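Worksheet for the structure shown next.
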Amino acid sequence: MTAIYTNNEELKNIYDSFYLHVNHPYLNKYIKNPEIDEDQAEVLLLMLKEKDLSVTFIHDCILTTMLVQAALDIHETVDTHELGTSKLKTKRQLSVLGGDYYSSLYYYVLSKLENSSLIRAFARSIQEINESKMNIYKQHKKNAQPSLNDLKKIYSSVHINIAELLDLNDWSEGLEQFFLLKSLLKERFDLIESGKTGIIAQSLHQIMGNSLVKSETKPDTINYLNSYIALTDSNLKHFNWRNEEIQKIFQKRTTNLLLKYQLSEQCVVEEG
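Using full-length UniProt numbering, the letters of the sequence shown map in sequence onto residues 1 to 272.
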């Protein structure tokens, strides 16, 4: 979205602020700096620009979103298995502390805004994301298919709740489909390139009775992901955004995502 979005300097300032906040010399020795999802930031900026909001509010709202995501992401990396070496144990403990540290940062940023409605929107989002993750993990235990609604909430709950706060409810379905499509494409690409499984693929392995990726189940998993991708892409293409400019922005970004993850070429390879 960066290539077609005009507020690059504004976003750069927010990104710089994010890395300034998360920088911690001791944590940096053991865990990587969190990555920024530029689509999350740019879509949120697009939403906020629809309203007459201060530069400070826009900056802190996007910064908080990135800190929330950083906290959620790092907690997802914590290994729950027994770890033998003291170095690995230290890394696990610091990953937990790192997530808590990022959480404290977004609470701090939100407190400066003194906007109770925004605080409630973030609190509701975090609750929904964690509840959806727990629902999916419970489905894993039952060898059952995860709920598509739970997957959507994991990927787009923050944006949906902020859209509601901004009275942009007509964006909700489009936001759900966009972020779900992006996550599906990335997960499928990672599975093909490195065998890495995301939350959807892990669920599919459970359905097929496999807790790990195996050569005989990988094509089935990819085909299942393909069906999700095709459906989500179709839904997004038929969604009407509130004006032509926004429609073009999302259409172009969707096209770029499909090219980035080489969907068409990979589909031909798998089907062949």
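We put the beta carbon where it would ideally sit given N, CA and C, even for glycine. Please read these numbers as outputs of a predicted model, since none were measured by experiment.
Check the Cα spacing between Leu20 and each of His140, Ser54, Leu67, Ile31: the tightest is with Leu67. In this chain, the alpha helix (DSSP H) harbouring Arg188 covers 172-194. Ranking Phe189, Leu168, Lys196 by CA distance to the CA of Trp241 puts Leu168 first. In this structure, DSSP gives Thr197 a state outside helix and strand, which the three-state scheme calls coil. Sequence-distant Cβ neighbours of Tyr228 in its own chain, meaning closer than 6 Å and more than five residues away, are Leu184.
Counting C-beta pairs with one atom in each stretch, the region 7-15 and the region 122-142 have fewer than three that are closer than 8 Å, which means they do not touch.
Residue range 8-22 is occupied by the alpha helix (DSSP H) that includes His21. Tyr15 is the residue among Tyr15, Lys32, Lys29, Glu50 whose C-alpha sits nearest the C-alpha of Ile62.
Linking Leu148 to Tyr137 through their CA atoms gives a straight-line distance of about 14 Å. Take the alpha-carbon of His24 and the one of Phe239: they are about 42 Å apart. Beta-carbon to beta-carbon, Gln177 and Thr232 are separated by about 6 Å, close enough to satisfy the 8 Å threshold.
Secondary structure note for Gln40: its alpha helix (DSSP H) is the uninterrupted segment 38-48.
By the Cβ-count criterion, Pro219 is exposed, with fewer than 16 other Cβ atoms from all chains shown falling within 10 Å of its own Cβ.
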